[in-house]
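First to last, the sequence lines map onto chains A and B. Just so we're aligned, residue 0 is where the first sequence starts under numbering that gives the first Met the number 0, counting upward by one. Just so we're aligned, residue 0 is where the second sequence starts under numbering that gives the first Met the number 0, counting upward by one. Think of the CB as a built atom: it goes at the ideal place given N, C-alpha and C, for glycine as much as any other residue. Just so you know, these numbers come straight off a predicted model, no measurement behind them. Below is one structure, written out as structure tokens; comments come after it.
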Amino acid sequence: MKNLLKVGLGILTSIGGFLEVGSLGTALQAGASFRYSLLWSVVVGTICIAFLVEMTGRLAAVSHHTVVDAMRKRFGFPMQAWPLGAQIVVDLLVLASEVGGASLALELATGISIRVWVVPVTLFIWALLWFGTFGTIENGVAVLGLVTLCFVLGAIWLHPDWHAVRAGLLPQLPAADRGEYVYLAVGILGASISPYLVTFYSSGAIEEEWKTSDLMPNRIVAGIGMSFGSVVAMAVVVVAALVLAPRGIRADSYQQAATALSLPFGHWGFRLFCVSLGIGCVGAALELALDVSYIIAQTLGWEWGENKRPAEEARFAIVYTGALLLATLPSLAGIDPLKLTMFSMAVTVLALPFVVGPLIVLMNDKQYLKNHTNGVIGNVAVVTIVVVAFALAALAVPAQLMGS
Amino acid sequence: MRAWAACAIALAVLTAGCRREPTLTYAHLLERAASWSASVQFAGELADRGLVPRTYIHDVLATASEEMDSLRNQIAEFDAAPPSARSKDAEMCARLAALLRAGETTGSIPDRIHLRDLEQQLRGDAERLRGSLPQETRR
């Protein structure tokens, strides 16, 4: 019964927490520019992150080490510094995008400039971290995130051509604008395979004191939860394809995309869009700020844990405070959150091999995983997806930057 | 060291191969301008039906006029396009920006016939540019 509850809550939080600034922004642009033809990249990204999340949960349950902790012990500090340094940079970029996204949601809802909202939004996120516990952060915000299911209802209400939707599940290069297509595919992969989920999930498993009896719930949550979560992202693609694309609206900014739900939901549509963007971004910002603290604290061997009071682990709390302060800068400087998001997602994919490579080595080490090491399918699937995504990003990102 | 150099050269060659045709980049700028016009028209349709708040209309008009100014500058300075096309397209963007700013001041959606007309002209120019490219470079 306890395991069932754990699985149920895990699946709910996976669904509610799936949509954030990256997955929403890239899915809106994909649907508006290429209709259904990038749906496959959501599926590929989800397969990869489901494997990765399952692996890190397994590592924590069997070895009682977080990914960062195990990497430090296995490879030593000098080797660990590079991948974790890359991840901190990616985390900070994505955190800035999330703060910008949440502030923009308030601008859309009130008409008051994003710059006015950046500081209050950041203070709100900081207060949740300072006064909240891991449970309230992980479960509370993610359950609120279930509002994003409105995209699934909206997609069904709009009656898509299901044959065309199915065709989009297979990769197909468009006749024109292939560079932009590949760049968006990279963005979707970056949004789905966020490295922060890997380190955050394993730290959460340690915070919740997982044991080997949690292996099966972990597998179910990673597989089913992530799959349902990806349905929400696919629904965003479908809604954008049916509402924005026929009108020639490209979704270059959230102001253009904010009307995506107005046809299925009437005057509630605009509000639902703002709430989905706001909650999704706040939820992810909480996880990202914590993740930066987790990585640094675990690398340097500090006391860490969101369930401890800030006075008990002051350095841990100072790090997420600093990370949040840094994350306000791009929005205060007037950088468009969606443009920052697209850039952050591309950088995320470029950093993936440096984070995932050492993890795969760890996951095949019997010293840590005993008889729960990776199978061939998991190794091959993750390595293939990460290598292909990196190759696409290495080609598409410079080309797109030069082109624009 | 030699392996790193080989990788860097291979990446540079591949990236150069993937570099977007300037005509296509220019067509994209026109399409982005047209897309903003379409967004404002759609926002207007929804506002007529009371489906979006007034504050959003003001927000979208302000953002669209800023973007239009930026696009107009990019188009005017796009050296790879013929000067006559640049000045014509920049002029259309300037007219769109002026319409949007007027709407922002009055708090209402500008004349939609004008918006649609400018959108169609921009899209027409973009399509002609795409059509002028050989099949391979359109990609």
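Looking only at C-alpha atoms, which of A/Glu312, A/Met233, A/Asn306 sits nearest to A/Gly300? A/Glu312
So that I know if they touch, is there some Cβ in chain A lying closer than 8 Å to that of B/Asp88? no
Coarse secondary structure for A/Val354, derived from DSSP in three states: helix
Residue-level contact to chain A via CB, B/His57, 8 Å cutoff: yes
Buried or exposed, going by whether 16 or more other CB atoms sit within 10 Å of the CB of A/Asn373? buried
Span of the alpha helix (DSSP H) around A/Phe50: 38 to 62
Counted within 10 angstroms of its Cβ, other Cβ atoms place A/Ile155 as buried (16 or more) or exposed: exposed
I need the straight-line Cα distance from A/Phe264 to A/Ala232, nearest angstrom please. 18 Å
Under a three-way DSSP split, which group does A/Ala322 fall into? helix
What residues in the region 233 to 263 of chain A bring their beta carbon closer than 8 Å to a beta carbon of chain B? Arg246, Gly247, Ile248, Arg249, Asp251, Ser252, Gln254, Gln255, Ala257, Thr258, Ser261
Candidates A/Ser96, A/Lys307, A/Gly84: which alpha carbon is nearest A/Cys280's? A/Ser96
Residue range of the alpha helix (DSSP H) that A/Thr109 falls in? 76 to 109
As assigned by DSSP and simplified to three states, the class of B/Leu132: coil
Can the beta-carbon of B/Ser34 be found closer than 8 Å to that of A/Ile248? yes
Measuring only the C-alpha atoms, how far is B/Ala15 from A/Val236? Unreliable positioning characterises B/Ala15 in this predicted model, as indicated by a pLDDT of 48, which lies under 50. The coordinate reading is nonetheless provided below. C-alpha separation (whole angstroms): 31 Å.
Taking A/Leu27 as the reference, which of A/Ala59, A/Leu188, A/Val238 has the closest Cα? A/Val238
Who are the neighbours of B/Phe41 on chain A, taking C-beta pairs under 7 Å? Arg246, Ile248, Thr258
DSSP state of A/Gly9, grouped into three classes? helix
Which of helix, strand or coil DSSP assigns to A/Ile192: coil
With a threshold of 8 Å on Cβ separation, who are the neighbours of A/Leu391 within its own chain once the five nearest residues in sequence on each side are excluded? Val181, Ala184, Val185, Leu188, Val348
Kindly indicate if chain B contains any beta-carbon less than 8 Å away from that of A/Leu107. yes
Given a cut-off of 8 Å on the beta-carbon distance, is the pair B/Asp88 and B/Asp124 in contact? yes
What residues from chain B crowd round A/Phe150, counting only those whose CB sits closer than 9 Å? Those do not exist, as A/Phe150 stays about 17 Å from chain B at its closest Cβ, beyond 9 Å.
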